[in-house]
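Read left to right, the sequence shown gives residues -22 to -1, 1 to 693 (mature numbering (1 follows the signal peptide of the UniProt record, and there is no 0)). Glycine residues also receive a C-beta, built at the ideal position from the N, C-alpha and C atoms. Scroll down for the structure; my scribbles are underneath it.
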Amino acid sequence: MRDWIKKAFALALCLAMVLSLAACGGTETPTPTATEPSEDVETEGGILENDEDIYMAAMGDFYDAYMAAFEAETLSERWALMAIAEAKFLESGVATPMYTAGGCYAMSRVPFRAGGYASWLGDRVYYDQMVITNEIITTEDYEHLVEMWYELTGTGTYTQSAVEYLTEKGYTFTDTATTTFDRVGTTWDFLSDGDYHDDASFIDYLYQYDSEGVLQPHLATSYEVSEDGLTYTFYIREGVVWVDSQGRQVAELTADDWVAGLQHVADAGGSAANMLLGVLEGLDAYVYGETTDFTTVGVKAVDEYTLQYTLVEECPYFMTMIADACFTPMSRSYYLSQGGVFGMAEYDEAIAGSTYMYGTDQDHIAYCGPYLCTNVTDKNSINYIANESYWNAENVQIKAVNFIYDDGSDVTREYNDFTVNGVGTTMVLDTAQLEIAKKDGNFDKYVHVAPNVTNIFLMWFNENRQVYANVPDGACVSSKTEEQKEVSRAALQNQHFRLALGYSIDRASYISQSLGEDLKYVCLRNSYVPGDFVSLEETVTVDINGTPTTFEAGTFYGEIVQAQVTADGYPFKVWDEETHSSDGFDGWYNVENAMSELELAIAELEAMGYEISAENPVVLDYPYSAYNETATNQAVVLKTCIEAALGGMVELSLIECQDATENLNSWFNTNSGAEYNYDLGGLGGIGADFGDPETYLDGLLPYGDGFAIRKMGIW
């Protein structure tokens, strides 16, 4: 899993839904009885201080249910138990699902899915596989390409057929991608779990998904699986070389580079290793410090061109993970030449010194992928050129990628750049740009509705806030008094209070301000894992609140989540039986539910000595991008919705971030959850890295193992 912050591919603009100054309204769901009093905060006790105590009070039920899933005997039972665990997470109110990317108006120069595709590919952009037209693709032609994709998927002919179709229609093609960026990452070490600009352009993988979602051999030519399903053997392509940013050869690629890559992930504490915990033999013991001997981990270079992974137990979804960072090679010899070391303690010491240069900029990494980065000028430009030494150079479609700086503050410039100057591959239209498109005729001619994807954006509630200004820059300063800080911490540690906040956000109105009234429900997501992400392969019976409950083969994951939520008596809706989706409706917003939960919270907080009323409201800080008009409007609408629904007993204090860096410093550019500078926020997207619900749910693990849970203000 990863936070989505990059703007390299213009479709990512869907990720930041924005709104204007309209009042909150919309359809409310029926009002059932409020939930029973919570046990999150002992009414005779005080505010919880310890990270583990805070986590277990709010997320203990999730944790227990999730651990039970790993004891399942079949894959379908595992998925059913994971769905039950997700229900416990949603019921905790720790975060409220908001929306996914997609469901928005867009224009494109890229044919539908003409590049690497799998629902769990996340924010990875494969420019080398892209087809880009000079002209914007018309609505009619784009919709035809969508139909063509579904018709030809699995035949291996879609991309070529799309090119032939567009050529017949008079389109011409470019071998240069020009798009925008709004910031530069802080590291070029893709494996260290840092804030990086790109990875898929510079490093290749064992296998990679093509435009039809089929795994194709890349740095591996083939693989074998042992009869017991525990050993995967990959045969590495011979003759592949590592080069520097100038294209000069620095090493030959060998099987040992995957061993080096995974050890570096583990040494650096990279979250990419999390998906292999409990999967790869010996990795847990190394990561948790039980051994310092990496040779005990189940990744071996059998010989120069034979790579072998040994699993703890059979893992049916193993190959869906193969295009992720934990399977990324790293040139061992080049890494060592840049001051790199192996071993956790050794790594911590090395990065604190002056001789460690690996990943400090684009000139201090080795490349084996389709592109080299030749220029990075902050707030100006970034440039890629094709890697002439790439093993598949002759099939790289796009020969250069140029990024132009755009902070997103001028929506008219962005629109004109795309429609007139050819900047951008895909453009998502906000409400202002939508009006321009309707006036100049581009709406009727070029606009289509982008499909939803698997990423999810959640509104997080900080239960253990420690800072009231950004740690990196001192910006975004809270105006709360010490008493208000204490009261808000106590309130946010209360399950009923968190649920009250979740029920008070009118998400349809929230989205309508960005996408318009006609699309306001399309991208709403009501679950954490998409409800249709997996379906049971066989009939299973699981326990739901003491009742054996049978789910037939073909039952979607979201249906099981809903069954547990309903059994637990919670009023929110995560799954629609008619549409078989967790998207496209608002199953959370309900003013009466919000007030009922708030009343329960007030009673529990009063027993702790805290008085909550309209005269003495809980004050919550919400940092927002004040430099961006639509983001400013978004913050105002959020404030209006929450304060109105909760009768003025909660006050949302809007904290101005003057630029993108200040915004990210309030929640993303942090060393731990203790540095998250908000009471509610953290609206970064979470995407899938492989085809199992674990790809999402692992982010909720305690003790620093789950990166997403840091947004609670812990670890």
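Asked                                                                                                         : Found
Own chain partners of P601 with C-beta closer than 7 Å, once the 5 adjacent residues on each side are dropped : C454, I633, C635, N641, S644, N655, Y656 and G659
Distance, Y95 Cα to E205 Cα                                                                                   : 29 Å
Own chain, CB closer than 6 Å to E55, minus 5 neighbours either side, in chain order                          : V518
Same chain, Cβ closer than 6 Å to L679, five either side skipped, listed in chain order                       : none
Three-way DSSP call (helix, strand, coil) for C2 in this model                                                : Only weak support is given to the placement of C2: the predicted model assigns it a pLDDT of 39, under 50, and the value that follows is read from those uncertain coordinates. C2 falls in the coil class under three-state DSSP.
Nearest candidate by alpha-carbon position, reference E292, set V88, G207, S200 and C501                      : G207
Cβ neighbour criterion (16 or more within 10 Å) applied to L314                                               : exposed
Extent of the continuous alpha helix (DSSP H) to which D42 belongs                                            : D29 to A47
Segment limits, beta strand (DSSP E) that includes C293                                                       : Unbroken run through C293: none, as it is neither H nor E.
From D667, F529, D484 and A666, residue whose alpha carbon lies closest to that of C619                       : D484
Cβ distance (whole Å) where D245 is taken to contact Y325 below 8 Å                                           : 4 Å
C-beta atoms of R476 and N430 nearer than 9 Å                                                                 : no
A73 beta carbon less than 9 Å from that of Y44                                                                : no
D245 in three-state terms, based on DSSP                                                                      : helix
CA-to-CA distance, W438 to F563, given in whole angstroms                                                     : 20 Å
Unbroken beta strand (DSSP E) run spanning residue 695, endpoints                                             : Any answer about residue 695 is impossible in this case: the structure gives the chain only from -22 up to 693.
Rounded C-alpha distance that separates T164 from A344                                                        : 17 Å
DSSP three-state assignment for D521, whether helix, strand or coil                                           : strand
Whole-angstrom C-beta distance between W57 and Y535, which should lie under 8 Å                               : 6 Å
Residue interval of the alpha helix (DSSP H) (run including M85)                                              : Careful: M85 lies outside any alpha helix (DSSP H), inside the beta strand (DSSP E) at Y83 to S86.
Whole-angstrom C-beta distance between L169 and G247, which should lie under 8 Å                              : Going by Cβ atoms, the distance from G247 to L169 rounds to 10 Å, so no, they are not a contact pair.
Contact check, A250 vs A328, beta carbons under 9 Å                                                           : no
Three-state secondary structure assigned by DSSP to N430                                                      : coil
Extent of the continuous alpha helix (DSSP H) run through W553                                                : Note, W553: premise wrong, no alpha helix (DSSP H); not H, not E.
Secondary structure of K417, DSSP reduced to three states                                                     : helix
Alpha carbon of T673 to alpha carbon of K66, nearest angstrom                                                 : 17 Å
Three CB pairs or more closer than 8 Å across the stretch 260 to 272 and the stretch 141 to 157               : no
Inter-residue Cα distance where the pair is G331 and N448                                                     : 26 Å
Exposed unless 16 or more other CB atoms sit within 10 angstroms - verdict on E20                             : Its pLDDT being 42, under 50, E20 is placed unreliably by the model, and the measurement read from it follows with that caveat. Per the 10 Å Cβ criterion, exposed.
C-alpha distance - G684 paired with G663, whole-angstrom precision                                            : 15 Å
Validate contact between the stretch 78 to 92 and the stretch 114 to 132 using beta carbons, cut 8 Å, 3 pairs : yes
Within the stretch 591 to 634, ranges of the alpha helix (DSSP H) (whole runs, at least 4 residues)           : 607 to 623
Classification of A531 by the beta-carbon crowding that lies within 10 angstroms, buried from 16 upward       : exposed
Alpha-carbon to alpha-carbon, L59 and Q224                                                                    : 51 Å
Opening and closing residue of the beta strand (DSSP E) in which T209 lies                                    : T209 to I214
Integer-rounded CB distance, given that F511 should sit under 8 Å from M253                                   : So it is not a contact: roughly 15 Å between Cβ atoms.
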